[in-house]
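Student:
Number of protein chains: 2
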Amino acid sequence: MTNNNTDPKSRRAFIKTAALGVAGTAFLTGTAAFPYYNRGAQKKIGYALVGLGYYSTDLLAPALQETETAYLAGIVTGTPSKEKVWAEKYGIPKKNIYNYENFDEIASNKDIDIVYIVLPNSMHREFSIRAADAGKHVLCEKPMAMNAQECREMIDACNRNNVLLSIGYRLHYDPYNMEAMRLGQEQVFGKVVHISCGAAFRNSSKDHWKLQKKMGGGSLMDMGVYPLQAARYVTGEEPISVTAQGYSMRDPFHEINEAVYFQLNFPGGTIANLSTGFHASFNFLLAAAERGRFELQPYSGYGGIKGSSSNGEMQFPEINQQAAHMDDFAFSVRDGKEVRVPGEEGLKDMIVVDAAYQAIAQDCSVTI
Amino acid sequence: MTNNNTDPKSRRAFIKTAALGVAGTAFLTGTAAFPYYNRGAQKKIGYALVGLGYYSTDLLAPALQETETAYLAGIVTGTPSKEKVWAEKYGIPKKNIYNYENFDEIASNKDIDIVYIVLPNSMHREFSIRAADAGKHVLCEKPMAMNAQECREMIDACNRNNVLLSIGYRLHYDPYNMEAMRLGQEQVFGKVVHISCGAAFRNSSKDHWKLQKKMGGGSLMDMGVYPLQAARYVTGEEPISVTAQGYSMRDPFHEINEAVYFQLNFPGGTIANLSTGFHASFNFLLAAAERGRFELQPYSGYGGIKGSSSNGEMQFPEINQQAAHMDDFAFSVRDGKEVRVPGEEGLKDMIVVDAAYQAIAQDCSVTI
Chain H
-9 MTNNNTDPKS RRAFIKTAAL GVAGTAFLTG TAAFPYYNRG AQKKIGYALV GLGYYSTDLL
51 APALQETETA YLAGIVTGTP SKEKVWAEKY GIPKKNIYNY ENFDEIASNK DIDIVYIVLP
111 NSMHREFSIR AADAGKHVLC EKPMAMNAQE CREMIDACNR NNVLLSIGYR LHYDPYNMEA
171 MRLGQEQVFG KVVHISCGAA FRNSSKDHWK LQKKMGGGSL MDMGVYPLQA ARYVTGEEPI
231 SVTAQGYSMR DPFHEINEAV YFQLNFPGGT IANLSTGFHA SFNFLLAAAE RGRFELQPYS
291 GYGGIKGSSS NGEMQFPEIN QQAAHMDDFA FSVRDGKEVR VPGEEGLKDM IVVDAAYQAI
351 AQDCSVTI
Chain V
-9 MTNNNTDPKS RRAFIKTAAL GVAGTAFLTG TAAFPYYNRG AQKKIGYALV GLGYYSTDLL
51 APALQETETA YLAGIVTGTP SKEKVWAEKY GIPKKNIYNY ENFDEIASNK DIDIVYIVLP
111 NSMHREFSIR AADAGKHVLC EKPMAMNAQE CREMIDACNR NNVLLSIGYR LHYDPYNMEA
171 MRLGQEQVFG KVVHISCGAA FRNSSKDHWK LQKKMGGGSL MDMGVYPLQA ARYVTGEEPI
231 SVTAQGYSMR DPFHEINEAV YFQLNFPGGT IANLSTGFHA SFNFLLAAAE RGRFELQPYS
291 GYGGIKGSSS NGEMQFPEIN QQAAHMDDFA FSVRDGKEVR VPGEEGLKDM IVVDAAYQAI
351 AQDCSVTI
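For the record, the sequence lines run as chains H and V. With this note's numbering, the residue at position 74 of the first sequence is 64, and numbering never jumps. With this note's numbering, the residue at position 340 of the second sequence is 330, and numbering never jumps.
Here is the structure:
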């Protein structure tokens, strides 16, 4: 149950299937549904959100109201005051509300099929493994964990417990990014030779956990995995070497890298020049191929993505990426559909992140 | 006579003057004229083009038909067959045609005021110094020379001979790039924190001198100075450190760097992530400031530049950049106007290029 679909051949096949889904009429009904859903015929899959910060509150819980296969069944929070608010707003029964101490009792809760880990990065490993050990399928936010070793332990725990694992890379469901995957991996304009990609925002926090190294903070962990993902899914390859530069300009950011610029060398000859940071707001993906180009800007937002290529403007419907991902993973859990964004996808990113940190520390290139 | 106008204060003043020129009505007449020209009242300034390759043939000679202050007075070529063609096409008298051997006799030619060096990079130093020693003002193509030391020798030769020196950075006359200078240096959207910039083209040459290291070839020399320039003129600062990566993917490019990606750290805190190469075609400048952004794409073409900022689309007239530059330098020669793009501008780039090559060779960051 490793669901490794990053073999170039199987990924190309996957992209074609996914593209058909995007073009399908069911996709255009305004929901995140896909044509292969057997709607309403079977039990809905229950999600428990672990960690009720901004992303759960403003994105995931609302998205779960738009899913067809899944619903918000439970919550896990360390803040008692949130229990009542969420219970009332989403009709969550008391028996489906947990805290971090009694979390493991979730094992006996038949309503909860999937545990979605939305905690600070340093807690991903522990709670993913506890969820797997409780027999629950796991959806874990990006970045997957603190390093590649933790990712491997999480994958092992899910395999050992015979549960599925997916990582919160919602852009695998965004039609514009799926088109970038197709244009790149199918070499529609020839081989992609160069990628410039950046994802950064001007972060004005003073004490957020993303500013703390021990919590898994830092711009490379938070935003840097987006351009890293883009370089990997446009090429469909794994980088063979990395150079990286870490910068910290402002005061509260000296513990972590306020900005990280990094360069990846791919076996097929593609070079990617990537930027991320908490220092400035920018968001773009530009790919130059042998006989053409394609570009998304912005490219990694929750919505509002725009794209063009040598063939002209891209026109795709806007979807709820989070709803699409949670629906699709629920479908994998219920009916055995291949997991589109498995744990291995997060592991592969963290292998590069580890190498990038090494490149920064040693001020030299690192072979992966 | 060093004409160093890169001091932040004087540059800001300069940009304001220049911006007025762009907005002025004389600018909009469709010629490269500027309001401060005293047209027709004085002698026209004679240019001799040294090296009659593509750039002289297709860009500079036609541009000299559009100048108001200057005209094509002579040529210097190593290819006898070109003499007749050019003489007939542009009405150049035989006495104004030189080859590389008798070039120094140009000293006694009253028709030639400015010698424009359009030779391979390895010949810039020699012919700039020979022109200066012949008492001629010098306009030299970019990159200025093989390294910073050669640039200093060229500046010294011009100072010693009391002649002016300018480098062929035509984008200092492009209204879109001038607007990028203004937005960056005047901090219209706050301090520019990040710059992504790339200038590259898919080069299919097999035996061009740009593929030969000893001729001053390589993508960093040929195209890399454009993003380097952009980072410098958007910030109005000189970088304090550089990291750089050199790549060669295809066969005829192994002697030089087919692609160079490099990162600059500026004293004010700006970081620039730059890309250049012969491997792919892309051309963009993206600047993210504290409270806004601006972008040009394409940004360094001879025409067709498009731009936008947080204030909306940019709308400027398209000008003949080469005509504007040659006219303006002729005006400096005739009436003592400050040289907008002096030799020091080329020297400052080559200091960074030298450091970038060192960073590539040593696989580490280099303090400038």
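Glycine included, C-beta positions come from ideal geometry on N, C-alpha and C. Keep in mind it's a predicted model, so treat the numbers as computed, not measured.
Taking the continuous alpha helix (DSSP H) assigned at residue 149 (chain H), which residues delimit it?
Tutor: On the first sequence, position 159 is the one that residue 149 (chain H) refers to. 138 to 150 is the span of the alpha helix (DSSP H), which, as asked, contains residue 149 (chain H).
Student: Which term fits residue 307 (chain H), buried or exposed, when burial requires 16 or more other beta carbons within 10 angstroms of its beta carbon?
Tutor: In the first sequence, the residue the question calls residue 307 (chain H) occupies position 317. When all chains shown are included, residue 307 (chain H) counts as exposed.
Student: Suppose only complete runs of 3+ residues qualify. What are the beta strand (DSSP E) ranges in the region 87 to 174 of chain H, listed by chain order?
Tutor: Complete beta strand (DSSP E) runs here, min 3: 104 to 107, 127 to 130 and 155 to 157.
Student: Mind checking if residue 51 (chain V) is an interface residue toward chain H, Cβ cutoff 9 Å exclusive?
Tutor: For the purposes of this step, residue 51 (chain V) is taken as the residue at position 61 of the second sequence. Judged by the 9 Å Cβ criterion, residue 51 (chain V) is not in contact with chain H.
Student: Just reading off the beta strand (DSSP E) that residue 275 (chain V) is part of, what are its end residues?
Tutor: As a working note, residue 275 (chain V) is residue 285 in the second sequence. Start and end: 272 to 279.
Student: Taking 9 Å as the cut-off, decide whether the C-beta atoms of residue 120 (chain H) and residue 143 (chain H) are in contact.
Tutor: Residue 120 (chain H) sits at position 130 when you count from the first residue of the first sequence. Residue 143 (chain H) sits at position 153 when you count from the first residue of the first sequence. No.
Student: Would a C-beta distance cut-off of 9 Å place residue 60 (chain V) and residue 102 (chain V) closer than the cut-off?
Tutor: Within the second sequence, numbered from 1, the residue matching residue 60 (chain V) stands at position 70. Within the second sequence, numbered from 1, the residue matching residue 102 (chain V) stands at position 112. Not in contact: residue 60 (chain V) and residue 102 (chain V) (Cβ atoms no closer than 9 Å).
Student: Quick one: grab the DSSP three-state call for residue 287 (chain V).
Tutor: For the purposes of this step, residue 287 (chain V) is taken as residue 297 along the second sequence, with counting starting at 1. In the structure shown, residue 287 (chain V) sits in coil (DSSP, three-state: anything other than H, G, I, E or B).
Student: Flag this pair as yes or no: are the beta carbons of residue 270 (chain H) and residue 185 (chain H) separated by less than 9 Å?
Tutor: Reading the first sequence from its first residue, position 280 is the one you call residue 270 (chain H). Reading the first sequence from its first residue, position 195 is the one you call residue 185 (chain H). It is not a contact, given that the beta carbons lie outside the stated cut-off.
Student: Can you give me the Cβ contacts of residue 341 (chain V) inside the same chain, cut-off strictly under 6 Å, excluding the 5 residues immediately before and after it?
Tutor: Taking the first residue of the second sequence as 1, we reach residue 341 (chain V) at position 351. Counting only Cβ-Cβ distances below 6 Å, and skipping sequence neighbours, we find 138.
Student: Between residue 216 (chain V) and chain C, is there a C-beta pair that is closer than 9 Å?
Tutor: In summary, chain C is missing from the structure at hand, where the protein chains are H and V.
Student: Leaving aside the five residues before and after residue 329 (chain H) along the sequence, list all residues of the same chain whose C-beta is less than 6 Å from its C-beta, in chain order.
Tutor: Here residue 329 (chain H) is taken as the residue at index 339 of the first sequence, counted from 1. Excluding sequence neighbours, residue 329 (chain H) sits near -7, 154, 156 and 322.
Student: If we count the other Cβ atoms within 10 Å of its Cβ and call it buried at 16 or more, is residue 183 (chain H) buried or exposed?
Tutor: For this step, residue 183 (chain H) is matched to residue 193 along the first sequence. Residue 183 (chain H) should be labelled buried.
Student: Does DSSP put residue 303 (chain H) in a helix, in a strand, or in coil?
Tutor: The residue you call residue 303 (chain H) lines up with position 313 of the first sequence. Three-state DSSP puts residue 303 (chain H) in a strand.
Student: Report the neighbours of residue 359 (chain H) on chain V: residues whose CB is nearer than 8 Å to its CB, in chain order.
Tutor: In the structure as shown, chain H begins at -9 and stops at 358. Residue 359 (chain H) is therefore absent and cannot be evaluated.
Student: Just curious, the alpha helix (DSSP H) that residue 350 (chain H) is in, first and last residue?
Tutor: Locating residue 350 (chain H) in the first sequence gives position 360, counting from the first residue. Here the alpha helix (DSSP H) through residue 350 (chain H) covers 333 to 352.
Student: Kindly say whether residue 244 (chain H), judged by its beta-carbon, lies nearer than 9 Å to any beta-carbon of chain V.
Tutor: Along the first sequence, one-based indexing puts residue 244 (chain H) at 254. No, its Cβ sits nowhere closer than 9 Å to a Cβ of chain V.
Student: Give, in chain order, every residue of the region 341 to 357 of chain V whose Cβ lies closer than 7 Å to some Cβ of chain H.
Tutor: If the cut-off is 7 Å between Cβ atoms, the region 341 to 357 of chain V has 353, 354 and 355 near chain H.
Student: Buried or exposed: which applies to residue -9 (chain H), given that a residue is buried once 16 or more other Cβ atoms fall within 10 Å of its Cβ?
Tutor: Here residue -9 (chain H) is taken as the residue at index 1 of the first sequence, counted from 1. The pLDDT assigned to residue -9 (chain H) is 33, lower than 50, so where the model puts this residue is not dependable, and the model offers no usable value.
Student: Can you say whether residue 107 (chain H) is buried or exposed, counting buried as having 16 or more other CB atoms within 10 angstroms of its CB?
Tutor: Within the first sequence, numbered from 1, the residue matching residue 107 (chain H) stands at position 117. Buried, since its Cβ has 16 or more Cβ neighbours within 10 Å.
Student: Along the chain, which unbroken stretches of the alpha helix (DSSP H) at least 4 residues long are found entirely within the region 194 to 244 of chain V?
Tutor: Fully enclosed alpha helix (DSSP H) runs of 4 or longer: 215 to 225.
Student: Ordered along the chain, which non-local residues of its own chain (more than five positions away) have a Cβ less than 6 Å from that of residue 275 (chain V)?
Tutor: Along the second sequence, one-based indexing puts residue 275 (chain V) at 285. Cβ within range, chain order: 187, 220, 286 and 289.
Student: Using a Cβ-Cβ cut-off of 7 Å (strictly less than) and excluding sequence neighbours within five positions of residue 50 (chain H), which residues of its own chain qualify?
Tutor: Mapped onto the first sequence, residue 50 (chain H) falls at position 60. Only 39, 106, 108 and 312 meet the Cβ criterion.
Student: Among the residues of its own chain, which have a CB less than 8 Å from the CB of residue 213 (chain V), if the five just before and after it don't count?
Tutor: The count along the second sequence starts at 1 and reaches residue 213 (chain V) at position 223. Taken in chain order, the residues that qualify are 189, 190, 191, 266, 267 and 268.
Student: Which residues in the same chain have their Cβ closer than 7 Å to the Cβ of residue 243 (chain H), if we skip the five residues on either side of it in sequence?
Tutor: Taking the first residue of the first sequence as position 1, residue 243 (chain H) is located at position 253. 201 and 268, listed in sequence order.
Student: Given that residue 183 (chain H) touches chain V, what residues does it touch there, using C-beta distances under 7 Å?
Tutor: Residue 183 (chain H) sits at position 193 when you count from the first residue of the first sequence. Result: 269 and 270.
Student: By DSSP's criteria, residue 184 (chain H) is part of a beta bridge. Which residues make up the other side?
Tutor: Here the question's residue 184 (chain H) lines up with position 194 in the first sequence. BP columns for residue 184 (chain H) point to H:261 and H:278.
Student: Kindly list, in the order they appear in chain V, the residues whose Cβ is closer than 9 Å to that of residue 57 (chain H).
Tutor: Counting from 1 along the first sequence, the entry for residue 57 (chain H) is found at position 67. Ordered by position in chain V, no residue passes the 9 Å Cβ test against residue 57 (chain H), which lies about 35 Å from the chain.
Student: Quick one: list the residues of chain H neighbouring residue 173 (chain V), beta-carbon separation under 9 Å, in chain order.
Tutor: Against the second sequence, residue 173 (chain V) aligns to sequence position 183. Result: empty, since nearest Cβ-Cβ is about 14 Å, beyond 9 Å.
Student: Could you check the C-alpha separation between residue 295 (chain V) and residue 239 (chain H) for me, to the nearest Å?
Tutor: Within the second sequence, the letter at position 305 stands for residue 295 (chain V). Within the first sequence, the letter at position 249 stands for residue 239 (chain H). Looking at the two C-alpha atoms, the distance is approximately 32 Å.
Student: I need the straight-line Cα distance from residue 304 (chain V) to residue 297 (chain V), nearest angstrom please.
Tutor: If you number the second sequence from 1, residue 304 (chain V) lands on position 314. If you number the second sequence from 1, residue 297 (chain V) lands on position 307. Those two C-alpha atoms are separated by around 5 Å.
Student: From residue 302 (chain H) to residue 333 (chain H), what distance separates their C-alpha atoms?
Tutor: Residue numbering aside, residue 302 (chain H) sits at position 312 when the first sequence is read from its first letter. Residue numbering aside, residue 333 (chain H) sits at position 343 when the first sequence is read from its first letter. Near 35 Å, if we compare the C-alpha coordinates of residue 333 (chain H) and residue 302 (chain H).
Student: Between which two residues does the alpha helix (DSSP H) carrying residue 177 (chain V) extend?
Tutor: Your numbering for residue 177 (chain V) matches position 187 in the second sequence. Premise fails: residue 177 (chain V) is in no alpha helix (DSSP H) and is neither H nor E.
Student: With a cut-off of 9 Å, does the C-beta of residue 280 (chain H) fall near any C-beta of chain V?
Tutor: For the purposes of this step, residue 280 (chain H) is taken as the residue at position 290 of the first sequence. Yes, residue 280 (chain H) lies at the interface with chain V (some Cβ there is under 9 Å from its Cβ).
Student: Would a check of beta-carbon distances place residue 283 (chain H) closer than 9 Å to chain V?
Tutor: Start at 1 with the first residue of the first sequence, and residue 283 (chain H) comes out as number 293. Yes, its Cβ sits closer than 9 Å to a Cβ of chain V.
Student: To which residues of the same chain is residue 132 (chain V) closer than 7 Å at the C-beta, ignoring the five residues directly before and after it?
Tutor: Position 142 of the second sequence, counted from the start, is the residue given in the question as residue 132 (chain V). Excluding residues within five positions, the ones whose Cβ falls inside 7 Å are 157, 158, 159, 215 and 336.
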